[in-house]
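A.B. asks: Heads up: the sequence lines are chains V and L, in that order.
Residue 182 in our numbering sits at position 188 of the first sequence, and the numbers go up by one each step.
For our numbering, add 3 to where a residue sits in the second sequence, where the first one is 1.
From the three backbone atoms N, C-alpha and C, an ideal C-beta is built for every residue, glycine too.
Structure in structure tokens, see below.
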Amino acid sequence: MIDFELTEEQKALIDTARRFAKERIIPIAAECDRKSEFPRDVFKAAWEIGLANPTLPAEYGGPGLGDLDSALITEELSYGCSGIDTSITANTLGLTPIKLAGSEAQKKKYFGWLTSEPIQVSYATTEPGAGSDVAGLQCRAVKQSDGSYVLTGTKAWITNATLASFFIIFATENPELRHKGIGAFIVHRDAAGLTVGKHEDKLGQRASDTAQVMLDGVHVPAAQVLAPPGHGFKVAMETFNQTRPDIGAIAVGVMRRCLDESVAYAKERKTFGTAIANHQLVQAMLAEMAIRIHATRLLVHKAAWSLDKGIRDPLTSSIAKAYGADAAMQSALDAVQIFGGNGYVKEYPVEKLMRDAKILQIYEGTAQVQRLVIAKQILG
Amino acid sequence: MPPARQLRLLFGISGARPVQPGRARRPRVVAWAAPAVWLLTLSCGAASRDFVPVTRDVRSKGAAASVAVDRRDYVYIARRPHGVVGLVGAHFMTAEAAARSVDRIADELETCARRVEQRRELAPGAIQLVAITGSRGMGEITDMKIAPGGPVAANALECIVAPLRASPFPAATSAGIPALAIEATWGRE
Chain V
-5 MIDFELTEEQ
5 KALIDTARRF
15 AKERIIPIAA
25 ECDRKSEFPR
35 DVFKAAWEIG
45 LANPTLPAEY
55 GGPGLGDLDS
65 ALITEELSYG
75 CSGIDTSITA
85 NTLGLTPIKL
95 AGSEAQKKKY
105 FGWLTSEPIQ
115 VSYATTEPGA
125 GSDVAGLQCR
135 AVKQSDGSYV
145 LTGTKAWITN
155 ATLASFFIIF
165 ATENPELRHK
175 GIGAFIVHRD
185 AAGLTVGKHE
195 DKLGQRASDT
205 AQVMLDGVHV
215 PAAQVLAPPG
225 HGFKVAMETF
235 NQTRPDIGAI
245 AVGVMRRCLD
255 ESVAYAKERK
265 TFGTAIANHQ
275 LVQAMLAEMA
285 IRIHATRLLV
295 HKAAWSLDKG
305 IRDPLTSSIA
315 KAYGADAAMQ
325 SALDAVQIFG
335 GNGYVKEYPV
345 EKLMRDAKIL
355 QIYEGTAQVQ
365 RLVIAKQILG
Chain L
4 MPPARQLRLL
14 FGISGARPVQ
24 PGRARRPRVV
34 AWAAPAVWLL
44 TLSCGAASRD
54 FVPVTRDVRS
64 KGAAASVAVD
74 RRDYVYIARR
84 PHGVVGLVGA
94 HFMTAEAAAR
104 SVDRIADELE
114 TCARRVEQRR
124 ELAPGAIQLV
134 AITGSRGMGE
144 ITDMKIAPGG
154 PVAANALECI
164 VAPLRASPFP
174 AATSAGIPAL
184 AIEATWGRE
């Protein structure tokens, strides 16, 4: 049986997240974008009302929500600003490896930390020379006689790097082993040898925090080894499988905003003696934007529903991410087109939406990598 | 108006003789069994996820109308300065365990309501829900209705739903899954 009806709790979540986006995110989004600054007070407020770390299990004090619930929240927050949402949602990316591979002690410690304080966590696989090619990462993990590890290397484009209290760092015992050499480690921000580089001055999603993380002989106690070398790659891939629907949900939020702004503008702006909403070519663009929203949302909900049911469905996860990212980019381009000259200036919101949408085709696996993943699933 | 009175008006329940905290009377099984079992049976089944009896639907009935059509009593009421939690009924739980759960929910509500009030985000609100023992032994909500308006949904999620989800529930037995039906209100003078 197929059931698209949301529960009362899910409706309440949407209501809460929508209100939060309207009252706390939208009023400051343009300023945060201009300053390239993440509003920590917004994160704290989101954490207080349970909109941050939604999938953190209830038995560890978290909201204990499902992946579909998380996608619903993400869509609403992204409607407000996908940059601010990305930094909030990055916590889910950071806590998922612990959910998947953490020991009971690690779950108690780090989930307890995440529920007792509004802290942020970073997930770090990407390196200057290894983005989508996770197996090609070079950051080294050298095992010590007491079971601890020493990490040395550089991580790049790390969301929340400047803000994180701890990091999930992926490193390899031997780069030649490719995916078979990768492990996952929990590294505290104050660990000796860990430094955070300069804040990246990005094209879009400028309100999210992004920076390099340098590891120079960072000692990781055995208790903070999340997955020993040889087991980390699987954790990284499964994490992406579980968080990709959220990227699709961000895309839906961006597209909804594009459509709402475009509809409002098209009804106001007049050419040839009538509102541009009455021109059929404009109507076609609006209709296409609506089609993309509905199609992406269905994919996202299917992918998230599968995760909640324990059904492994990386194909739908990848399709949701790939289609959603491309759809958001196209909708943002169309929104700028509908706004005309006004779409090209910062006085109106759609140029930001266009800049923000682009990264969706790049992070958490580029549009091209998603196609490879999809093709692999199809070809077997 | 006292919170308990507000609660009864909001959910269409009059004539209750609320038990003072610490002076719990023995639950009157017969009085609440019919509506509670009805509610619990329907809500615990897979077929009707969001079922709530029409006469108790705060979204569709005005308070006065509800009072006129629905007179019922609570099994147990836990009152705190910022809120009231009423136990409509429990299934596969002892009366004592159900009352303890209600007290715990009321304590959590009170703590949370104070915190939210400090943030100036507390709005008068009400909720009715059914919670069961989830697969991980914690509370899991199967049915819920939240009074409309303002930031009520956010208050409900933060102060009732989230604590319930994080609370251990009695383990399920071969007899059935423990379930609890409650109504709560908060933030009223």
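Going straight from the alpha carbon of Asp63 (chain V) to that of Gly198 (chain V), what length do you get?
C.D. replies: As a first step, residue 63 (chain V) is located in the first sequence; it is residue number 69 there, counting from the start. As a first step, residue 198 (chain V) is located in the first sequence; it is residue number 204 there, counting from the start. About 26 Å.
A.B. asks: Please report whether the beta-carbon of Arg168 (chain L) lies at a distance below 8 Å from any beta-carbon of chain V.
C.D. replies: The residue given as residue 168 (chain L) occupies position 165 in the second sequence. Judged by the 8 Å Cβ criterion, Arg168 (chain L) is in contact with chain V.
A.B. asks: Going along chain L in order, which residues have a C-beta closer than 8 Å to the C-beta of Pro33 (chain V)?
C.D. replies: Against the first sequence, residue 33 (chain V) aligns to sequence position 39. What Pro33 (chain V) touches in chain L: nothing, since even the nearest Cβ is about 16 Å away.
A.B. asks: Mind checking which residues open and close the alpha helix (DSSP H) that includes Thr204 (chain V)?
C.D. replies: Counting from 1 along the first sequence, the entry for residue 204 (chain V) is found at position 210. Counting along the chain, Thr204 (chain V) falls outside any alpha helix (DSSP H), though it belongs to the beta strand (DSSP E) covering Thr204 to Val214.
A.B. asks: What residue range is occupied by the uninterrupted alpha helix (DSSP H) comprising Thr109 (chain V)?
C.D. replies: Taking the first sequence and counting its residues from 1, one reaches residue 109 (chain V) at position 115. Segment Gly106 to Ser110, the alpha helix (DSSP H) holding Thr109 (chain V).
A.B. asks: Taking the straight line between their C-alpha atoms, what separation do you get for Tyr79 (chain L) and Val91 (chain L)?
C.D. replies: The residue you call residue 79 (chain L) lines up with position 76 of the second sequence. The residue you call residue 91 (chain L) lines up with position 88 of the second sequence. Roughly 8 Å between the two C-alpha positions.
A.B. asks: Output yes or no for whether 8 Å exceeds the beta carbon distance between Glu113 (chain L) and Pro84 (chain L).
C.D. replies: Residue mapping note: residue 113 (chain L) aligns to position 110 of the second sequence, counting from 1. Residue mapping note: residue 84 (chain L) aligns to position 81 of the second sequence, counting from 1. Their beta carbons are under 8 Å apart, which means Glu113 (chain L) touches Pro84 (chain L) by this criterion.
A.B. asks: In terms of residues, what are the limits of the beta strand (DSSP E) holding Asp328 (chain V)?
C.D. replies: In the first sequence, residue 328 (chain V) corresponds to position 334, counting from 1. Careful: Asp328 (chain V) lies outside any beta strand (DSSP E), inside the alpha helix (DSSP H) at Pro308 to Phe333.
A.B. asks: Please report the straight-line C-alpha distance between Asp61 (chain V) and Gln4 (chain V), rounded to a whole angstrom.
C.D. replies: Indexing the first sequence from 1 puts residue 61 (chain V) at position 67. Indexing the first sequence from 1 puts residue 4 (chain V) at position 10. Approximately 11 Å between the Cα atoms of the pair.
A.B. asks: Please name the residue, chosen from V:Asp328, V:Gly374, V:Ala321 and V:Leu89, that lies closest to Val257 (chain V) on a Cα-to-Cα basis.
C.D. replies: On the first sequence, residue 257 (chain V) is found 263 positions in, with the first residue counted as 1. The option with the nearest alpha carbon to Val257 (chain V) is V:Asp328.
A.B. asks: How would you write the range of the alpha helix (DSSP H) that Met424 (chain V) sits in, first residue to last?
C.D. replies: The requested residue 424 (chain V) is not part of the displayed model; chain V covers only -5 to 374.
A.B. asks: Which residues does DSSP list as the beta-bridge partners of Val146 (chain L)?
C.D. replies: Along the second sequence, one-based indexing puts residue 146 (chain L) at 143. According to the sequence as given, residue 146 (chain L) is Asp; it is not Val. Looking at the DSSP assignment, Asp146 (chain L) forms a beta bridge with L:Val133.
A.B. asks: List, in chain order, every chain V residue whose beta-carbon is nearer than 9 Å to that of Ile163 (chain L).
C.D. replies: Stepping through the second sequence from its first residue, residue 163 (chain L) is reached at position 160. Those within 9 Å of Ile163 (chain L) in chain V number zero; the least Cβ separation is about 10 Å.
A.B. asks: Find the residues of chain V that neighbour Arg139 (chain L), judging by a C-beta separation of less than 9 Å, and give them in chain order.
C.D. replies: Counted from its first residue, the second sequence places residue 139 (chain L) at position 136. Here the neighbours are Pro51, Ala52, Glu53 and Gly58.
A.B. asks: Against Pro154 (chain L), what residues of chain V qualify as contacts under a CB-to-CB distance less than 8 Å, listed in chain order?
C.D. replies: On the second sequence, position 151 is the one that residue 154 (chain L) refers to. Residues of chain V passing the Cβ test: Thr10 and Arg13.
A.B. asks: Between Asp350 (chain V) and the rest of its own chain, which residues show a CB-CB distance below 7 Å, the 5 nearest in sequence each way excluded?
C.D. replies: Locating residue 350 (chain V) in the first sequence gives position 356, where the first residue counts as 1. Cβ within range, chain order: Ser76, Gly77, Gly198, Gln199 and Val248.
A.B. asks: Identify, in the order they occur along the chain, each residue of the same chain with its Cβ nearer than 7 Å to the Cβ of Lys101 (chain V), setting aside the five sequence neighbours on each side.
C.D. replies: In the first sequence, counting from the first residue as 1, residue 101 (chain V) sits at position 107. Answer for Lys101 (chain V): Tyr54 and Ile92, listed in chain order.
A.B. asks: Out of L:Val164, L:Arg191, L:Ser138 and L:Ile185, state which residue places its alpha-carbon closest to the alpha-carbon of Asp302 (chain V).
C.D. replies: One-based indexing of the first sequence puts residue 302 (chain V) at position 308. Among L:Val164, L:Arg191, L:Ser138 and L:Ile185, the Cα nearest to that of Asp302 (chain V) belongs to L:Ser138.
A.B. asks: Comparing alpha-carbon positions, which option in V:Thr146, V:Ala230 and V:Asp195 lies nearest Ala213 (chain V)?
C.D. replies: As a working note, residue 213 (chain V) is residue 219 in the first sequence. Correcting the residue identity first, residue 213 (chain V) is His in this sequence and not Ala. Checked all of V:Thr146, V:Ala230 and V:Asp195; the closest Cα to His213 (chain V) is V:Thr146.
A.B. asks: So which of V:Pro51, V:Gln364, V:His182 and V:Asn168 has the shortest CA-CA distance to Phe234 (chain V)?
C.D. replies: Walking along the first sequence from the start, residue 234 (chain V) turns up at place 240. Phe234 (chain V) has its Cα closest to that of V:Gln364, out of V:Pro51, V:Gln364, V:His182 and V:Asn168.
A.B. asks: Quick one: measure Cβ to Cβ for Pro173 (chain L) and Pro181 (chain L), integer angstroms, because I've assumed they're closer than 8 Å.
C.D. replies: Position 170 of the second sequence holds residue 173 (chain L). Position 178 of the second sequence holds residue 181 (chain L). Between Pro181 (chain L) and Pro173 (chain L) the Cβ distance is about 4 Å, and since that is below 8 Å, they are a contact.
A.B. asks: Return helix, strand or coil for Pro171 (chain L), following the three-state DSSP convention.
C.D. replies: Start at 1 with the first residue of the second sequence, and residue 171 (chain L) comes out as number 168. Three-state DSSP puts Pro171 (chain L) in a strand.
A.B. asks: With a threshold of 7 Å, establish whether the CB of Ile353 (chain V) neighbours any heavy atom of the ligand COA.
C.D. replies: In the structure shown, the ligand COA is absent, as is every other ligand, since no ligand is present at all.
A.B. asks: Would Ile144 (chain L) pass as an interface residue toward chain V - the criterion being a Cβ-Cβ separation below 8 Å?
C.D. replies: The residue given as residue 144 (chain L) occupies position 141 in the second sequence. By this cut-off, Ile144 (chain L) is an interface position.
A.B. asks: Can you tell me where the beta strand (DSSP E) holding Ala187 (chain L) begins and where it ends?
C.D. replies: To locate residue 187 (chain L), count along the second sequence from 1; it is residue 184. From DSSP, the beta strand (DSSP E) with Ala187 (chain L) extends over Ala182 to Trp189.
A.B. asks: Anything in chain L within Cβ reach of Glu98 (chain V), meaning under 8 Å, just list it in chain order.
C.D. replies: Walking along the first sequence from the start, residue 98 (chain V) turns up at place 104. Here the premise fails: no neighbours, minimum Cβ distance about 13 Å.
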